[in-house]
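Engineer: This is the structure I have questions about; it appears just below.
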Amino acid sequence: MNRRDFIKFSAMAAATAMARRKSGAAEAGPGEASNGEGNSPEWHKAPCRFCGTGCHVRVGVQDGRVVAIQGDEKADVNNGLLCVKGYHVGMILYGKDRLTQPLLREGGELKPVSWDKAIDVIAKRIMEDPDAFGFYGSGQWTIPEGYVAQKLMKAGLSNNHIEPNARLCMASAVTGFVSTYGVDEPAGCYQDLDECDVLIMWGNNPAEMHPVLFSRVIDRRSRGEKVRLIDISTRRTRTTEFCQDYLEFRPQTDLAIANGIAHLLIQNGTFDREFVDRYCHFRQDTEPDSLFGKPMSFEEYRQAVAKYTPEYVEELSGVPAEKIRMLGELFGRRDLRITSLWCMGMNQHSRGTAINRLVHGIHLLSGHFGRPGDAPTSLTGQPSACGTAREVGTLAHALPGGRLVAKEDHRRQCEKLWNVPEGRISSKPGYHTVKLWEKFCTPTNQGGDIRTLFVQVTNPGQSLPNLHKHFRGKKGLEDKFLVVSEVYPSASTELADLVLPASLWVEKNGIFGNSERRTQQWYKMVEPPGDARDDCWMTIAIARRLYELGHSGMKDRDGQFIFAMKNDEGEEVPIWQWPHYYDINVDKRLYEEYRPFTWMKHKNVAPYDELVKARGLRWPVVETDDGGWRETRFRFSGFDDPFVEEGKRIQFYHSVTKDDRALIWFNPYEPAAEEPDKEFRYWLCTGRVLEHWHTGTMTMRVPPLRRSMPHAYIEMHPDDAAEEGFSNGEVIQLMTRRGQIEAPVWIEGRGRVPRGSLFVPFFDEHRLVNLVTLGAVCPISKEPDYKKCAAKVGKVGSSTPAMAKGPEVRP
Amino acid sequence: MNESARPLSRREVLTRFLRPFGEPLARTSRRLQGAAPKDRSENPEQVAVIQGRYCLAYEGTFCSACREHCPVPGAIVINDGTPQVQRDQCTGCGICQEICPAPKNAILMLPRPKGPRHRE
Numbered sequence: 079m080n081r082r083d084f085i086k087f088s089a090m091a092a093a094t095a096m097a098r099r100k101s102g103a104a105e106a107g108p109g110e111a112s113n114g115e116g117n118s119p120e121w122h123k124a125p126c127r128f129c130g131t132g133c134h135v136r137v138g139v140q141d142g143r144v145v146a147i148q149g150d151e152k153a154d155v156n157n158g159l160l161c162v163k164g165y166h167v168g169m170i171l172y173g174k175d176r177l178t179q180p181l182l183r184e185g186g187e188l189k190p191v192s193w194d195k196a197i198d199v200i201a202k203r204i205m206e207d208p209d210a211f212g213f214y215g216s217g218q219w220t221i222p223e224g225y226v227a228q229k230l231m232k233a234g235l236s237n238n239h240i241e242p243n244a245r246l247c248m249a250s251a252v253t254g255f256v257s258t259y260g261v262d263e264p265a266g267c268y269q270d271l272d273e274c275d276v277l278i279m280w281g282n283n284p285a286e287m288h289p290v291l292f293s294r295v296i297d298r299r300s301r302g303e304k305v306r307l308i309d310i311s312t313r314r315t316r317t318t319e320f321c322q323d324y325l326e327f328r329p330q331t332d333l334a335i336a337n338g339i340a341h342l343l344i345q346n347g348t349f350d351r352e353f354v355d356r357y358c359h360f361r362q363d364t365e366p367d368s369l370f371g372k373p374m375s376f377e378e379y380r381q382a383v384a385k386y387t388p389e390y391v392e393e394l395s396g397v398p399a400e401k402i403r404m405l406g407e408l409f410g411r412r413d414l415r416i417t418s419l420w421c422m423g424m425n426q427h428s429r430g431t432a433i434n435r436l437v438h439g440i441h442l443l444s445g446h447f448g449r450p451g452d453a454p455t456s457l458t459g460q461p462s463a464c465g466t467a468r469e470v471g472t473l474a475h476a477l478p479g480g481r482l483v484a485k486e487d488h489r490r491q492c493e494k495l496w497n498v499p500e501g502r503i504s505s506k507p508g509y510h511t512v513k514l515w516e517k518f519c520t521p522t523n524q525g526g527d528i529r530t531l532f533v534q535v536t537n538p539g540q541s542l543p544n545l546h547k548h549f550r551g552k553k554g555l556e557d558k559f560l561v562v563s564e565v566y567p568s569a570s571t572e573l574a575d576l577v578l579p580a581s582l583w584v585e586k587n588g589i590f591g592n593s594e595r596r597t598q599q600w601y602k603m604v605e606p607p608g609d610a611r612d613d614c615w616m617t618i619a620i621a622r623r624l625y626e627l628g629h630s631g632m633k634d635r636d637g638q639f640i641f642a643m644k645n646d647e648g649e650e651v652p653i654w655q656w657p658h659y660y661d662i663n664v665d666k667r668l669y670e671e672y673r674p675f676t677w678m679k680h681k682n683v684a685p686y687d688e689l690v691k692a693r694g695l696r697w698p699v700v701e702t703d704d705g706g707w708r709e710t711r712f713r714f715s716g717f718d719d720p721f722v723e724e725g726k727r728i729q730f731y732h733s734v735t736k737d738d739r740a741l742i743w744f745n746p747y748e749p750a751a752e753e754p755d756k757e758f759r760y761w762l763c764t765g766r767v768l769e770h771w772h773t774g775t776m777t778m779r780v781p782p783l784r785r786s787m788p789h790a791y792i793e794m795h796p797d798d799a800a801e802e803g804f805s806n807g808e809v810i811q812l813m814t815r816r817g818q819i820e821a822p823v824w825i826e827g828r829g830r831v832p833r834g835s836l837f838v839p840f841f842d843e844h845r846l847v848n849l850v851t852l853g854a855v856c857p858i859s860k861e862p863d864y865k866k867c868a869a870k871v872g873k874v875g876s877s878t879p880a881m882a883k884g885p886e887v888r889p
Numbered sequence: 003m004n005e006s007a008r009p010l011s012r013r014e015v016l017t018r019f020l021r022p023f024g025e026p027l028a029r030t031s032r033r034l035q036g037a038a039p040k041d042r043s044e045n046p047e048q049v050a051v052i053q054g055r056y057c058l059a060y061e062g063t064f065c066s067a068c069r070e071h072c073p074v075p076g077a078i079v080i081n082d083g084t085p086q087v088q089r090d091q092c093t094g095c096g097i098c099q100e101i102c103p104a105p106k107n108a109i110l111m112l113p114r115p116k117g118p119r120h121r122e
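Same order as they appear, the protein sequences are chains A and B. Each number in my numbering comes from the position in the first sequence (counting from 1) with 78 added on. Each number in my numbering comes from the position in the second sequence (counting from 1) with 2 added on.
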């Protein structure tokens, strides 16, 4: 089947699926022959490769190729619906420039080498200087991929320099959850969207970024249900069009708005006194900031927020005082169910932890917590940001299952579970993402003590902030070595010294964990192209090579490590040899080894065999008396969470204060790290678009998506454009203190920014907006702020000599 | 406000906008496949029709690509999230068909029915 036929077939199949969804017709499940027709594909289930929503798709396979995609009607998450990206997800496998062989840079050029050579090169780089090795993965790592990387680094190399790109994405949500509830991840689930009366989106644009989720809400409306949508944002988006209220705030002042709500709840006496008395304490920051802060009394809290009167909030934020009062009144009503949604607007924030805490805080203060529809819920951008980065804990400071490298008992538990000698795991946290790349891009003799970096399943050459400093600085540093496992050439492979071709999505087994704690499994369905291989295998093969080279860390107490696996007959299977990798289900064995790690924080994930049967299961998943397995929709709520003690309505059983109470934080409004001034007079915000997924490595290879959104643009207010003398579509220069790019202006296009603001999407590798972003990080989560920095614009060629070293935009 | 700086109509905007979008990309990134939008001009003989059964917006997911790329202000309007072609304003340029990202293209270019074209 050629490409044209694929597109045709895929289109037909998707269209059929849409029609069927409307008629509600039942259809064959995964793996079943679809309809008995001789020439029809075989259908399998898989979560979509793209975002954190975690829609399930039915994948039609014929003659060894994915030929059709349908929304999976049996999936709770999406009920058969997909977004524009999802309908085309099959095509990401078949871009013409898939990487199919390992490439080693010699004399400046990437040249094909064997896998044996490639693995050997990496292993020898590690042997040479094990502590100068870093592993950079992502929230698109499957759970086994993340787990095996984590184990190699922390239990094998005693090296904690492992980070996921989720640091750029979810880190502030994590610190928000941990400092409020003592444990990470949302209490609620997507059912909150079906039951809320009011949905507040905090700097969130789900109509573009989580379209299938947002459609659940809009569907309710078309059925005649009343749901009030409130968009609190710094620019008008597709989401705004569906909202009754649009509150446009000056960037960074979301902190003031949240405090303003808290103040009104107390002043009006409409906060939930009983909920607060029974389930909460109050907290404030220490100097310097810390994850758990210090206690404060209710009275101190009251005084702290008292300053945030509606008028003061209006002065800071530009949101009319009456709108702040409206929010205060809504939260004060117990008869309404209120769900808050947020994503990168709150997380990619130089006070990201603070704003996360504050939004949890107003939900707790007002008692809008723990009933279906009453929930503060953060959405993830990546398919396994929760499942892998957060739960497996592939972060410089973390260990699996919510443990920390800094805690001795946590290290001992992991050493025991991993069967390695006591003391194997280093107690010193590794470098967080921005630091890791900064160190990699700094000459070794100037303190740049990361010399070899292995990147899997992500594209830092495009997604890191301030790329000149954090990525391109590597150029010309002779002793630095960058290994990139990728599926297509990207901004990252451009600087790589070794490029490894990777299997993608249904070319391998996998397990993801989505935004609502749902763990989702799929099987390999087709072969990867050429010599592409699984990321999980790469890690195992490197470990094996290190073992052969005599690295002492590659042996547990029994002299074995991650490469030692047996089949059901008890015979050793050499899984480090690619032809034998699929002799057994490595994914299942790694996942089952990982499961016990999830018990300590009551994040019990379901057994692999249960995941095989389900379209994902939401943890904690517990065994029932009849031997079945039950998932949990509402964590900490007595009516649903099996770990809440009998008779309790709410129990925060991992409470920071060890008394089953959550913390309501006070954090003040503080200005952004860089604000517009006389010279750089615009706010610059970056983000995503509906058609493309993150850096576009996959979706830019899908012709319909690329045609619909071919490249990045600069969103600008018409009056600003007029004042600058730009016409719409004109290619202009955008400059910050870090560099410059060129892109066309788009006025009144997809979104609409207020005066003095610019928005640029980051999917376009030819117009890299991250060359100019700031990279200031939240002091607690270390997540960079991609949403705020100061910029100026000008006609092409107008840049001052000081800026002349840019633009580094590639042709 | 000088003349070149005045806010432009959607038509001016998008005819200018699509060119810088399409051409350089097609020229410079050959490794990405897929044709760039063709340089379209008006065709009074035809008119765009949206087939709801193939349109993502009609099917409950979100998409507004056709409206955003339409060079004529008001020729495609969004009501309750779904796009509708205002036949008397459609110039038949076919840009919406070029860029429709639905799995099966939802835009048909049909011969324009005979009769008065403009409302005014």
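Note that beta-carbon positions come from the ideal geometry of N, C-alpha and C, so glycine has one too.
(1) Hey, could you find the ends of the beta strand (DSSP E) A:S311 is sitting in?
(2) Could one say the Cβ of A:I742 lies closer than 9 Å to chain B's Cβ atoms, at least one of them?
(3) When DSSP builds the beta bridges, which residues end up paired with A:K372?
(4) Rounded to a whole number of angstroms, what is the C-alpha to C-alpha distance between A:N220 and A:R361?
(5) Let me check one thing: in DSSP terms, what residues is A:V144 bridge-paired to?
(6) Just to confirm, are A:D367 and A:P796 a CB contact at a threshold of 9 Å?
(7) Quick check on DSSP: helix, strand or coil for A:L442?
(8) Leaving aside the five residues before and after A:G212 along the sequence, list all residues of the same chain whose C-beta is less than 6 Å from its C-beta, in chain order.
(9) Could you tell me the distance, in whole angstroms, from the CA atom of B:T63 to the CA atom of A:G423?
(10) Kindly indicate if chain B contains any beta-carbon less than 9 Å away from that of A:Q362.
(11) Curious, which full-length beta strand (DSSP E) runs of at least 3 residues does the segment 460 to 547 of chain A contain?
(12) Taking its Cβ as the centre, do 16 or more other Cβ atoms sit within 10 Å of B:M3, making it buried, or is it exposed?
(13) Please confirm whether B:P105 has its beta-carbon closer than 9 Å to some beta-carbon of chain A.
(14) Locate the alpha helix (DSSP H) running through A:W193, then write down its first and last residues.
(15) Between the C-alpha atoms of A:F255 and A:D487, what's the straight-line distance to the nearest angstrom?
(16) Sorted by chain position, which residues of the same chain lie with C-beta nearer than 7 Å to A:A463's C-beta, five sequence neighbours on each side aside?
(17) Across the segment 789 to 807 of chain A and the segment 727 to 742 of chain A, are there enough close Cβ pairs to call them in contact, namely three or more that are closer than 8 Å?
(18) Identify the contact partners of B:C65 in chain A, using a Cβ-Cβ distance below 8 Å as the criterion.
(19) Between B:R70 and A:R711, what straight-line distance do the alpha-carbon atoms span, to the nearest angstrom?
(20) If we cut at 9 Å on Cβ distances, does B:I78 have a partner in chain A?
(21) Across which residues does DSSP place A:F559 in a beta bridge pair?
(22) Which word fits A:P657, buried or exposed, when buried means at least 16 other C-beta atoms lie within 10 angstroms of its C-beta?
(23) Rounded to whole angstroms, how far is the Cβ of A:L846 from the Cβ of A:L545, which I believe are closer than 8 Å?
(24) Between A:K163 and A:F128, which are expected to be in contact by the criterion C-beta below 8 Å, what is the C-beta distance as a whole number of angstroms?
(25) Going by CA-CA distance only, name the one from A:D557, A:E303 and A:I197 that's closest to A:W654.
(26) Going by DSSP, what residues sit across from A:T417 in a beta bridge?
(27) Spell out a yes or no on whether the segment 130 to 142 of chain A and the segment 747 to 766 of chain A are touching, meaning 3 or more CB-CB pairs, one atom from each, closer than 8 Å.
(28) Within the 9 Å Cβ cut-off, does A:V290 reach chain D?
(29) Using a beta-carbon distance cut-off of less than 9 Å, what residues from the segment 619 to 634 of chain A approach chain B?
(30) Take the Cβ of A:N497 as the centre, count every other Cβ of all protein chains shown within 10 Å, and call the residue buried at 16 or more, exposed below.
(31) Whose C-beta lies closer than 7 Å to the C-beta of A:R696 among residues of the same chain, with five residues either side of it excluded?
(32) According to DSSP, what are the bridge partners of A:M643?
(33) For A:R766, tell me which candidate among A:K756, A:E493, A:Y791 and A:R779 has the shortest Cα-Cα distance.
(34) Tell me the residue span of the beta strand (DSSP E) that contains A:Y669.
(35) Does the CB of B:I52 have a neighbour CB from chain A at under 9 Å?
(36) Do A:V383 and A:H341 have their C-beta atoms closer together than 9 Å?
Structural biologist: From the atom records:
(1) As a first step, residue 311 of chain A must be located in the first sequence, where it is residue number 233. Per DSSP, A:S311 belongs to the beta strand (DSSP E) from R306 to S311.
(2) Translated into positions along the first sequence, residue 742 of chain A becomes position 664. Under the 9 Å criterion on CB atoms, A:I742 is classed as non-interfacial with respect to chain B.
(3) Residue mapping note: residue 372 of chain A aligns to position 294 of the first sequence, counting from 1. Per DSSP, the beta-bridge partners of A:K372 are A:Q362.
(4) Within the first sequence, numbered from 1, the residue matching residue 220 of chain A stands at position 142. Within the first sequence, numbered from 1, the residue matching residue 361 of chain A stands at position 283. Reading off the sequence, residue 220 of chain A comes out as Thr, not Asn. Counting only the Cα atoms, A:R361 lies some 36 Å from A:T220.
(5) The residue labelled residue 144 of chain A in the question sits at position 66 within the first sequence. A:V139.
(6) On the first sequence, position 289 is the one that residue 367 of chain A refers to. On the first sequence, position 718 is the one that residue 796 of chain A refers to. Cβ distance not < 9 Å, so A:D367 and A:P796 don't count as in contact.
(7) Counting from one through the first sequence, the residue named residue 442 of chain A turns up at place 364. In the three-state reduction of the DSSP assignment, A:L442 falls in the helix class.
(8) What you label residue 212 of chain A is simply residue 134 of the first sequence in a count that begins at 1. Hits under 6 Å: H239, L514, I528 and L531.
(9) Numbered from 1 along the second sequence, position 61 holds the residue referred to as residue 63 of chain B. Numbered from 1 along the first sequence, position 345 holds the residue referred to as residue 423 of chain A. The alpha-carbon separation between B:T63 and A:G423 amounts to approximately 22 Å.
(10) Here residue 362 of chain A corresponds to residue number 284 of the first sequence, with the count starting at 1. Residue-level contact by beta carbon fails for A:Q362 and chain B, as no gap is shorter than 9 Å.
(11) Unbroken beta strand (DSSP E) runs of no fewer than 3 residues, entirely contained in the segment 460 to 547 of chain A, are found at 530 to 534, following chain order.
(12) Position 1 of the second sequence, counting from 1, holds the residue named residue 3 of chain B. Model confidence at B:M3 stands at a pLDDT of 38, short of 50, so the residue's coordinates are unreliable; what they give is reported in the following sentence. The residue in question, B:M3, is exposed, as its Cβ has fewer than 16 Cβ neighbours within 10 Å.
(13) Within the second sequence, the letter at position 103 stands for residue 105 of chain B. Yes, contact with chain A.
(14) Stepping through the first sequence from its first residue, residue 193 of chain A is reached at position 115. That run of the alpha helix (DSSP H) goes W193 to E206.
(15) As a first step, residue 255 of chain A must be located in the first sequence, where it is residue number 177. As a first step, residue 487 of chain A must be located in the first sequence, where it is residue number 409. C-alpha separation (whole angstroms): 22 Å.
(16) As a working mapping, residue 463 of chain A is identified with position 385 in the first sequence. G130, G217, A244, C247 and M248, listed in sequence order.
(17) Result no; under three Cβ-Cβ pairs closer than 8 Å.
(18) Taking the first residue of the second sequence as position 1, residue 65 of chain B is located at position 63. At a beta-carbon threshold of 8 Å, the residues of chain A lying near B:C65 are V162 and L768, ordered along the chain.
(19) Within the second sequence, numbered from 1, the residue matching residue 70 of chain B stands at position 68. Within the first sequence, numbered from 1, the residue matching residue 711 of chain A stands at position 633. Position check: residue 70 of chain B holds Glu in this sequence, whereas Arg was assumed. Using only the alpha carbons, I get a separation of about 39 Å.
(20) Position 76 of the second sequence, counted from the first residue, corresponds to residue 78 of chain B. Using a CB distance cut-off of 9 Å, B:I78 does not count as an interface residue toward chain A.
(21) Position 481 of the first sequence, counted from the first residue, corresponds to residue 559 of chain A. The partner list for A:F559 (beta bridge, DSSP) reads A:T530.
(22) The count along the first sequence starts at 1 and reaches residue 657 of chain A at position 579. Label assigned to A:P657: exposed.
(23) Along the first sequence, one-based indexing puts residue 846 of chain A at 768. Along the first sequence, one-based indexing puts residue 545 of chain A at 467. Indeed, because the Cβ distance is near 6 Å, the residues count as touching under 8 Å.
(24) Residue mapping note: residue 163 of chain A aligns to position 85 of the first sequence, counting from 1. Residue mapping note: residue 128 of chain A aligns to position 50 of the first sequence, counting from 1. That belief holds up - the Cβ atoms of A:K163 and A:F128 are roughly 5 Å apart, short of 8 Å.
(25) For this step, residue 654 of chain A is matched to residue 576 along the first sequence. Nearest to A:W654 by C-alpha distance, out of A:D557, A:E303 and A:I197, is A:I197.
(26) Within the first sequence, residue 417 of chain A is the residue found at index 339, counting from 1. The partner list for A:T417 (beta bridge, DSSP) reads A:L277 and A:A453.
(27) They do not touch, by the three-pair rule.
(28) In the structure shown, chain D cannot be found, because the protein chains are A and B.
(29) So nothing in the stretch comes that close.
(30) Locating residue 497 of chain A in the first sequence gives position 419, counting from the first residue. Exposed, by the Cβ-count rule.
(31) Here residue 696 of chain A is taken as the residue at index 618 of the first sequence, counted from 1. Answer for A:R696: C267, E594, R595, R596, E709, T710 and R711, listed in chain order.
(32) For the purposes of this step, residue 643 of chain A is identified with residue 565 of the first sequence, where counting begins at 1. As DSSP reads the structure, A:M643 sits in a beta bridge with A:V651.
(33) Here the question's residue 766 of chain A lines up with position 688 in the first sequence. The candidate whose alpha carbon is nearest that of A:R766 is A:Y791.
(34) By one-based count along the first sequence, residue 669 of chain A stands at place 591. Taken as a continuous stretch (DSSP letters only), A:Y669 belongs to no beta strand (DSSP E), being part of the alpha helix (DSSP H) at V664 to Y672.
(35) Against the second sequence, residue 52 of chain B aligns to sequence position 50. At a cut-off of 9 Å, the C-beta of B:I52 has no neighbouring C-beta in chain A.
(36) Start at 1 with the first residue of the first sequence, and residue 383 of chain A comes out as number 305. Start at 1 with the first residue of the first sequence, and residue 341 of chain A comes out as number 263. Between A:V383 and A:H341, the gap from beta carbon to beta carbon is short of 9 Å.
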